[in-house]
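Protein sequences appear in the order of chains P and F.
If you use the numbering used here, the first sequence closes out at 117, no skipped numbers anywhere.
If you use the numbering used here, the second sequence closes out at 1112, no skipped numbers anywhere.
Notes follow once the structure below has been shown.
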Amino acid sequence: GAVVSQHPSWVICKSGTSVKIECRSLDFQATTMFWYRQFPKQSLMLMATSNEGSKATYEQGVEKDKFLINHASLTLSTLTVTSAHPEDSSFYICSAPLRGPENNEQFFGPGTRLTVL
Amino acid sequence: AQSVTQLDSHVSVSEGTPVLLRCNYSSSYSPSLFWYVQHPNKGLQLLLKYTSAATLVKGINGFEAEFKKSETSFHLTKPSAHMSDAAEYFCVVSGDDYKLSFGAGTTVTVRA
Chain P
1 GAVVSQHPSW VICKSGTSVK IECRSLDFQA TTMFWYRQFP KQSLMLMATS NEGSKATYEQ
61 GVEKDKFLIN HASLTLSTLT VTSAHPEDSS FYICSAPLRG PENNEQFFGP GTRLTVL
Chain F
1001 AQSVTQLDSH VSVSEGTPVL LRCNYSSSYS PSLFWYVQHP NKGLQLLLKY TSAATLVKGI
1061 NGFEAEFKKS ETSFHLTKPS AHMSDAAEYF CVVSGDDYKL SFGAGTTVTV RA
């Protein structure tokens, strides 16, 4: 099956710093990728849709200046958490759909655990 | 717009007994529905998916789900629970734009 990777798998940073998380589709091209965050013992919340060659679209309530998304190529999307604060500590997960006439399955990265001190 | 409701936040079963996780959906379109499992501090693993083919869908690890349009349900079952089934389970619906809406999740614990 299709594989999506994320890097890093975990990161600890000081408050006020910026953190970049990469999401890569390893064996297929993805013009669209999705970013989610998951707080402990909660469900996944869609943050934004990353679009190759155009601006990301953000869900209501998600600060676009706080969570910068860049879809640099057909296999790479990055999420940068700018000026991170402890409340940004969360599990960040990306996904990419494997498009086809009979298939709209999405493949998820393993997630990135962000801890802001 | 689409949404899913997982009717049980926590299900506890004894090893070897059946598991039932309930999910109801709401969708304006003919939906695609999925069940994912997440083990602690891990990513999501697809158990099974419904995409308008057979209404009874068989997945991995002995799980299956039945799509019932009249009841707008997509319940997940397994005839015999194993200790390794202890995890968080998410029912998910996909719209035409590939956006996924997740249920709140059901925590499954398996008693020895």
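C-beta: ideal position from N, C-alpha, C; glycine also.
In this text, all values refer to a predicted model and were calculated from it rather than measured experimentally.
Alpha-carbon spacing of residue i relative to residue j, whole angstroms
| i | j | result |
| --- | --- | --- |
| F:T1107 | F:H1010 | 5 Å |
| P:T115 | P:T82 | 13 Å |
| F:S1084 | P:S54 | 42 Å |
| F:S1072 | F:A1054 | The sequence as given places Thr at residue 1072 of chain F; Ser does not occur at that position. Cα-Cα distance, rounded: 15 Å. |
| F:A1065 | F:P1018 | 13 Å |
| F:F1074 | P:S15 | 43 Å |
| P:V62 | P:F91 | 15 Å |
| P:K66 | F:K1078 | 42 Å |
| F:D1008 | P:T75 | 37 Å |
| F:L1016 | P:F108 | Note that residue 1016 of chain F corresponds to Gly in the displayed sequence, not to Leu. Rounded to whole angstroms, F:G1016 to P:F108 spans 30 Å at the Cα level. |
DSSP three-state assignment for residue i, whether helix, strand or coil
| i | result |
| --- | --- |
| P:P97 | strand |
| F:A1084 | Note that residue 1084 of chain F is Ser in the sequence shown, not Ala. In the structure shown, F:S1084 sits in a helix (DSSP, three-state: H, G or I). |
| P:E63 | coil |
| F:E1015 | coil |
| P:E87 | helix |
| F:A1112 | coil |
| P:E105 | coil |
| P:V116 | strand |
| P:V3 | coil |
| P:Q38 | strand |
| P:K20 | strand |
| F:S1094 | strand |
| P:T32 | strand |
| P:S25 | strand |
| P:T49 | strand |
| P:A72 | strand |
| P:T78 | strand |
| P:L44 | strand |
| F:L1007 | coil |
Cβ-based neighbour list, residue i, same chain, cut-off 6 Å, excluding 5 preceding and 5 following
| i | result |
| --- | --- |
| F:E1088 | Q1038, G1105, T1107 |
| P:E22 | H7, T78 |
| F:S1003 | S1026, S1101 |
| P:I12 | T115 |
Own chain, CB closer than 8 Å to residue i, minus 5 neighbours either side, in chain order
| i | result |
| --- | --- |
| F:D1096 | Y1029 |
| P:L44 | Y36, R37, Q38, I93 |
Close-in-space but distant-in-sequence residues of the same chain around residue i (CB under 7 Å, 5 per side omitted)
| i | result |
| --- | --- |
| F:S1014 | R1111 |
| F:L1020 | H1075, T1077 |
Within the segment 1020-1087 of chain F, ranges of the beta strand (DSSP E) (whole runs, at least 3 residues): Within the segment 1020-1087 of chain F, the complete beta strand (DSSP E) runs of at least 3 residues are 1023-1026, 1032-1038, 1044-1050, 1056-1058, 1064-1068, 1073-1078.
Give me the subset of the segment 42-56 of chain P whose CB atoms are less than 9 Å from a CB atom of chain F, sorted by chain position. Cβ contacts with chain F: Q42, S43, L44, M45, L46, T49.
Which residues, taken in chain order from the segment 104-117 of chain P, show a beta carbon closer than 9 Å to some beta carbon of chain F? Under the 9 Å Cβ criterion, the segment 104-117 of chain P contributes N104, E105, Q106, F107, F108, G109, P110, G111, R113.
Quick one, which residues of the segment 10-31 of chain P are near chain A if we go by CB-CB under 8 Å, in chain order? As a matter of chain content, chain A is missing from the structure shown, whose protein chains are P and F.
Check each residue of the segment 1057-1070 of chain F: if its Cβ is closer than 8 Å to any Cβ of chain P, include it; give the result in chain order. Result list empty, no residue passes.
Quick one, which residues of the segment 1085-1105 of chain F are near chain P if we go by CB-CB under 7 Å, in chain order? For the segment 1085-1105 of chain F, the residues whose beta carbon sits under 7 Å from a beta carbon of chain P are, in order, F1090, S1094, Y1098, K1099, L1100, F1102, G1103, A1104, G1105.
Of the residues that make up the segment 1022-1049 of chain F, which ones have a beta carbon closer than 9 Å to any beta carbon in chain P? Within the segment 1022-1049 of chain F, the residues whose Cβ lies closer than 9 Å to some Cβ of chain P are S1032, F1034, Y1036, Q1038, N1041, K1042, G1043, L1044, Q1045, L1046, K1049, listed in chain order.
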